[in-house]
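Going left to right, the sequence shown walks through residues 19 to 363 as my numbering numbers them.
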Amino acid sequence: MEAVVLAGGEGTRLRPLTLTTPKPVVPLAGRPFLSFMLDWLARHGVDDALLALGYKAEAVHAVLGDEHHGMRLRYLVEEEPLGTAGPLRLAADEGMLAESGPILVVNGDCLTDFDLSAQLRQHSETGATGTLALAAVEDTASYGVVPTKESGEVEAFLEKQPGPAPTNRINAGTYVLDRSVVDDLIPAGRAVSIEREVFPEIVGSGLYGFPFDSYWIDIGTPDRYMEATYDLLAGRAESELPRRDETDSLIYDASITSGARIGPLSVIGRHCSVGDRSVIERAVLHDDVRVGNDSVVKEAIVATGARLGDRVRVEPDAIIGAGAVVESGAVVESGARVEPGAAFG
Ligand code: GDD
Ligand code: MG
């Protein structure tokens with residue numbers, strides 16, 4: 019079974035993290051984000067994943083390589099972004115899609131453990147043109163809203179539309195599509211949005227929903243990145259992460275934190291050091307971060323290689339970019355963004 023993973027977006031909402039690291043490999047609970055999704059695909063029998071990339075494609079390849087737990091990884095690199103449908107057309111034209119059978123497409127920024135096998139089964143049993151996985155969310159504003167009839171048939175596809183939504187069921191970014199959708203409905207040579215140009219076209223022609231109630235989250239904003247981190251640490255989202263400590267925190271290899279207080283719900287990447295009496299609470303440090311003495315980092319993200327001096331305070335929702343240097347005594351205020359490599363304070 020083959021899957022096309024859409025992972026070429028710029029991840030603008032996760033800046034400054036994505037200025038240096040493309041979203042698919044931004045560390046989530048210490049692992050490249052996409053590896054969670056690849057684990058899930060593999061559990062459901064996918065043995066060949068075609069990663070459709072653009073932004074910083076080489077960096078993704080360098081981290082993930084050509085194989086993941088026995089699953090083959092192939093790469094399709096767009097010169098210009100082709101949107102969420104264009105890559106399917108390019109893959110078909112380049113002979114990178116299987117000759118026959120339906121096509122499985124996933125948005126590469128979702129963490130989930132819903133029953134993909136059941137979705138694939140439903141698609142083949144109903145003979146649908148397309149089957150869209152539908153999650154339930156409280157606030158539908160940043161998603162594609164998908165009302166369905168009692169029969170499961172999709173009534174409309176409403177991508178990020180203002181105003182009250184007709185349902186709380188949204189597009190979870192996992193599609194099974196008949197090959198004809200790619201061949202007949204996706205023009206070549208330009209960016210095409212599957213949500214705005216393709217799905218509305220096939221409403222009424224065999225497009226069905228597959229509603230599910232298991233865990234699902236799109237990690238593409240800082241808030242949701244933190245929420246996904248906490249859910250993984252606390253075990254609300256299933257994963258193959260190492261065991262957490264009694265504070266639901268994860269401290270990776272070769273990090274020195276013995277004089278500090280870590281937790282609850284924190285991640286300390288590899289080769290970090292956190293000095294005496296410093297406190298890391300509900301916060302994430304990527305790899306190679308150094309924090310001095312008597313500093314406090316709460317509900318914030320510190321990217322790879324950043325250095326924090328002594329008596330630094332990093333307040334909730336702040337993000338410190340890779341390699342930035344925060345001087346002793348500085349306060350990084352709530353919601354602040356420190357650019358990669360910047361000197362702060
Ligand atoms: N290859 C490639 N090329 N991938 C792209 C491109 C592109 O030009 N543009 C976006 N992507 C990838 C992103 O990397 C991401 O994995 C996925 O397509 C979806 O793009 P986002 O930018 O994250 O979209 P969104 O989260 O605002 O909305 C989409 O996902 C929601 C669910 O998370 C839509 O599909 C919504 O309908 C959906 O509800
Ligand atoms: Mg997204």
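We treat Cβ as the ideally placed atom computed from N, Cα and C, and that holds for glycine.
Distances from the alpha-carbon of residue 330 to those of 359, 357, 304 and 295 put 295 closest. In the structure shown, residue 261 falls within a coil segment according to DSSP collapsed to helix, strand and coil. In the assembly as shown, residue 205 is an exposed residue. Its beta-carbon has fewer than 16 other beta-carbons within 10 Å. With respect to the C-alpha of residue 85, the residue from 75, 69, 100 and 98 having the closest C-alpha is 69.
In this structure, residue 136 has its CB at a distance of at least 6 Å from all heavy atoms of the ligand GDD.
Nearest C-alpha to residue 120 among 192, 97 and 171: 192. Shown here, residue 254 sits in coil according to DSSP, grouped into three states, outside any helix or strand.
The straight-line gap separating the alpha-carbon atoms of residue 172 and residue 147 is approximately 11 Å. The beta carbons of residue 122 and residue 194 sit about 6 Å from each other, so the pair counts as a contact at 8 Å. Look at residue 132 here: in three-state DSSP terms it is coil, with no helix or strand label. DSSP places residue 228 inside the beta strand (DSSP E), whose first and last residues are 225-229. The set of residues with a C-beta under 5 Å from any non-hydrogen atom of the ligand MG comprises 127, 236 and 238, given in chain order.
The beta-carbon separation of residue 324 and residue 315, rounded to 10 Å, does not stay under the 8 Å limit for a contact.
With the rule of 3 Cβ pairs closer than 8 Å, the segment 52-65 counts as touching the segment 124-137. Annotated three-state conformation of residue 57 is helix, per DSSP. With the rule of 3 Cβ pairs closer than 8 Å, the segment 249-266 counts as touching the segment 281-288. Taking the CA atoms as reference points, residue 92 sits about 42 Å from residue 279.
Under the DSSP assignment, residue 201 falls in the alpha helix (DSSP H) whose first and last residues are 197-203.
Secondary structure note for residue 220: its alpha helix (DSSP H) is the uninterrupted segment 217-220. Counting the other CB atoms within 10 Å of its CB gives residue 141 a total of 16 or more, which places it among the buried residues.
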